[in-house]
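A.B. asks:
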Amino acid sequence: MGRFTSTEKHIAVQRYLKGNISYRDLAKEMGIDQSVLRYWVKLYEYHGNAAFIFPYTNYPLDFKLRVIKFLEETKHSLREASAIFHIPDYSMVRRWKKKWEMGGFDALKPTGERNPIMTTHNKNNTKKESPTTDSMEKMQKELEFLRMENAYLKKLNALVQNKEKSPKKTKRK
1 MGRFTSTEKH
11 IAVQRYLKGN
21 ISYRDLAKEM
31 GIDQSVLRYW
41 VKLYEYHGNA
51 AFIFPYTNYP
61 LDFKLRVIKF
71 LEETKHSLRE
81 ASAIFHIPDY
91 SMVRRWKKKW
101 EMGGFDALKP
111 TGERNPIMTT
121 HNKNNTKKES
131 PTTDSMEKMQ
141 KELEFLRMEN
151 AYLKKLNALV
161 QNKEKSPKKT
171 KRK
């Protein structure tokens, strides 16, 4: 599976935090790498329900420098730093750090094609509310029901196929 909605990420994090499933099992079930799931959990630990809502699309130079300075001073990982600073993708921080190492201050400056100011990403100025506990429980129950239904239909299909494959017994005269 490719991209996940913020609700799907939130549900995955909640399932992990309940303690009933490991990173490995949940990541395998979702078809993602364990490191991605760990990153989602870190985001949730630092930012709570707002973890998967990223308000900025462009970051100013001083913000990038703050992140790089933080990395150098604290020896945190790229993923940890991007979770702390609420950056949607750790590879963005990796690119900033690489530019800093290759060309210093000037390499981090915007190239002029984009607006260098942090802009809030709003579509029609509407904010989606984070799911409530009741709606999360309802979605969890619905998800569980759909999985059970899917498993039932798979077993039924397998039984029908086995019945069709088995040779028909004929009586001898």
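If you're matching positions, the sequence shown starts at 1 in UniProt numbering and goes up one per residue. Ideal Cβ positions, reconstructed from N, Cα and C, are used throughout, including at glycine.
#1: From arginine 24 to glutamine 34, what does the alpha carbon distance come to, in whole angstroms?
#2: With a floor of 3 residues, list each beta strand (DSSP E) that falls wholly inside the region 15-101, ordered by position along the chain.
#3: Taking the C-alpha atoms as reference points, what is the distance between glycine 103 and phenylalanine 145?
#4: Determine the DSSP secondary structure at lysine 9, reduced to helix, strand or coil.
#5: Go ahead and label valine 160 buried or exposed: buried means 16 or more other beta carbons lie within 10 angstroms of its beta carbon, across all protein chains shown.
#6: Three-state secondary structure (DSSP) at threonine 111?
#7: Using beta-carbon positions only, say whether phenylalanine 85 and valine 67 come within less than 7 Å of one another.
#8: So, does the region 26-41 touch the region 56-66, judging by three or more C-beta pairs under 8 Å?
#9: Tell me the DSSP secondary structure of threonine 132 in three-state form.
C.D. replies: Reading from the atomic positions:
#1: Straight-line spacing of the CA atoms in arginine 24 and glutamine 34 works out to 6 Å.
#2: For the region 15-101, not a single whole beta strand (DSSP E) run of length 3 or above is found.
#3: Roughly 55 Å between the two C-alpha positions.
#4: The answer is helix: DSSP assigns lysine 9 an H, G or I state.
#5: Counting every other CB atom within 10 Å of its CB across the protein chains shown gives valine 160 a total below 16, marking it as exposed.
#6: Coil, per DSSP.
#7: For phenylalanine 85 and valine 67, yes; Cβs fall inside 7 Å.
#8: Too few Cβ pairs lie closer than 8 Å, so no.
#9: Of the three classes helix, strand and coil, the one that applies to threonine 132 here is coil, per DSSP.
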